[in-house]
Every structure is written in C-alpha cells, then in structure tokens.
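Asks: To start, I am sharing the structure in question, which I have written as structure tokens.
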Amino acid sequence: MSFRGRDVLTILDFERGELEELFEEADVIRKRGVSGRPLEGKIMALAFFEPSTRTRLSFETAMKRLGGEAIGFTSEEAISVAKGESYVDTVRMLDAYSDVIVIRHKYDGAAKLAAEIARNPVINAGDGKQHHPTQAMIDLYTIRTLLGGVDGLTVGVLGDLKYGRAASSFILGLTHYKPRLVYLISPPQLAARREVLDQARERGLPYKEVNSLEEVIGELDVLYVTRIQKERFPDPEEYEKVRGAYVVTLELLQRRAKRELKVLHPLPKVDEIEPRVDESRFASYYEQARLGVPLRQALLLKLLG
Ligand code: NCD
C-alpha cells in the first residue's frame, strides 16, 4: 500500500515491507541528502499537548530540511484549550490550516480520535501510555543501521513496560521481525500490559518476562532502556516503590555484556543509565536520536510527497 495520505497511529499500521521501504528512503536521505525542496508549500501542524524535546524538534527539523514549514504549539496553556476550546475544534482548525498534524497528548487514543476528525494525515507522536509509532520506527531503523537488521538478535527491553508508550511500541515493532528472543525486563509492578503481551504472542514474538537484568545481560545484542514514567502513575506512592529500581552501570556492562552490545534509549533519561555509560562504546542512544531526523524526513516525504 502507498504511504500517501495515511495516518500513522500505531506501528502495527505498517507491514514489514513498508517499514523496509521507509528505512531505505531514510538511508538515501542520509547518504545523498535531499535534492531541492520537495515539500515546499506544505505545512505541518505540531500539536503538542504534552512536553517534548526530541520528537517535536526532529519533526520540525525534518520538515524544514524538506522545504516545508511548521506551525503549532507546545503546551495547552499556550492555546485556546486554556479558554475552554474543545479538543475536537482544535483538531478541526489545525486540519484546515495544515497538510499534516503531528499530535502528542496525555490521553490514550487521542491521536486516533484526531484522525477520525481530520481529513489530512495524523501522526501519533505519543498518546498517553499507548503508542509512539515513529519512535519505534527510529528504534528499528537504528538497530538496522548499527547491526544490519533485527532478525536473529537477542533483545532486552528494560524498565517501565507498563506506562511507557515508547517501550510498548518498540515491543510491537519487534513483532514485524524474527528476533531470537526478547527479554522483557522490569519490576513486577511495571510489567508490560496484557494487551501488548497478547498481541506479541499472537504475532509470534518469542519473549520472556524476567525481573533481573544481571541474569540476562550476557545474552543481549540490544538493550533498550526506558525511563520510569513518573507522570503516568495514578498513585505517587506506587512510583516511590519503584523509583531507582534499575540502573544500568558501566561496571555491569563491562563485566557481563557482549562487547558489541548496543544500548538504546528513546530519551529523555533520568537516572536509569549511569552517566559514565554515555562515553562508552555501548551507548548508542545519541546516534539513535540523530537518526530520528532522516527517518522522519523519509516518513513525511512518503506521506506528503
Ligand atoms: C518518550 C515519550 O514521550 O514517550 N520520549 C520520546 O519521544 N523520545 C519517552 C519518555 O518520555 O520516556
């Protein structure tokens, strides 16, 4: 199916072949650049009802590098929602002003609702704890770039698998491939949600839930670390019980990990990776963040070009 005019709501909206096509386009952009200003005259609306650094700036950079323009807002206070305007009206207005809407919202399903209202494509840049499909595209693209592909790898996903939408989308994204095994590593309170596990199982992903990183670190080719999503805990006491539950230290990596292990993180990171790891050969998260721009360029070109 062509990408043109499609919504990007979950990573399962796309097939493996389509992701590969997207990655090839991103490779071309990375190696040869873009000729001319293919999206000149196009406008992207950034509707960020929740904070963001990388996602918003990399979408904006991607659009500008393609010759297009970006409008938008970055917090509810800044716009008429603060005056009581409904979400639906805000989406209608953005749809009338722009060619594509990139939306981030604290509520699950917010992007899907926007897509039902808008005529133009809607890209989900994070809805509550549920989905963050373009982050998953970047994550898979990073693994492909650094390790040649995902098939056959042993992958660990560490952290807040319950509230983390980046983690959930990454797990679902892995179901497009044939990794050897995926370890879902978390304290029991932050285990992946039923609906994510059900889909992973139905789609044939070989996974195992474990609580200890130490036990499995030696087997991993990729370790995907995530932040505890403090803001999504209904009860602050529950957060206190798990804060600092896991920290990836350089000592552990040097002692137990494969030499070629790649540590990924969607960022922002807080205290789940010891800062000393940043300078080590394991740290691949800055490269991952860099690859976000060509990947999002490729996506915008395919949706709008
Ligand atoms: C993530 C998000 O907002 O879900 N950030 C991102 O887009 N890279 C991860 C997070 O906030 O922990």
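Reminder that position 44 of the sequence shown reads as 38 in our numbering, one-by-one numbering, no gaps. Don't be surprised by glycine CBs; every beta carbon is placed ideally from N, CA and C.
1) Given 7 Å as the limit, tell me if Ser52 has its C-beta closer than that to any heavy atom belonging to the ligand NCD.
2) Would you grab the beta carbon distance between Ile37 and Ile65 for me? Rounded to a whole angstrom, and I think it's under 8 Å.
3) Let me confirm a value: Met131 is counted as buried when at least 16 other C-beta atoms fall within 10 Å, else exposed. Which label applies?
4) Measure how close the beta-carbons of Leu298 and Val116 come, nearest whole angstrom, since I'm counting them as under 8 Å.
5) Are Ile222 and Ala251 close, meaning C-beta to C-beta below 8 Å?
6) Secondary structure at Tyr218, three-state DSSP: helix, strand or coil?
7) Any chance the segment 243 to 261 sits against the segment 177 to 193, with 3 or more Cβ pairs inside 8 Å?
8) Report buried or exposed for Thr47, applying the criterion of at least 16 other Cβ atoms within 10 angstroms of its Cβ.
9) Measure the Cβ-Cβ separation of His126 and Ala160 and say whether it is below 8 Å.
10) Taking only heavy atoms of the ligand NCD into account, decide whether any of them is closer than 7 Å to the Cβ of Gly35.
11) Take Leu289 as the anchor and find which of Leu107, Arg138, Thr68 has the nearest alpha-carbon.
12) What do you reckon, is the C-beta of Glu124 under 7 Å from a heavy atom of the ligand NCD?
13) Work out the CA separation of Glu12 and Arg249 for me, nearest whole Å.
14) In the DSSP assignment, find the beta strand (DSSP E) that holds Tyr177 and state where it starts and stops.
15) Which residue comes first and which comes last in the beta strand (DSSP E) that contains Gly66?
16) Consult DSSP for Tyr171 and reduce its assignment to one of helix, strand or coil.
17) So, Leu258 versus Val216, is the Cβ gap smaller than 8 Å?
18) Quick one: does the C-beta of Thr103 sit closer than 7 Å to a heavy atom of the ligand NCD?
Replies: Per the coordinate set shown:
1) no
2) 6 Å
3) buried
4) With 8 Å as the limit, Leu298 and Val116 do not qualify as a contact, their Cβ atoms being about 13 Å apart.
5) no
6) strand
7) no
8) exposed
9) yes
10) no
11) Arg138
12) First, the residue type needs correcting, since residue 124 is Gln and not Glu in the sequence shown. Not so, every heavy atom of the ligand NCD lies at least 7 Å from the Cβ.
13) 39 Å
14) 175 to 179
15) 63 to 67
16) coil
17) yes
18) Per the sequence shown, residue 103 should be read as Gly rather than Thr. Incorrect: Gly103 has no Cβ contact closer than 7 Å to the ligand NCD.
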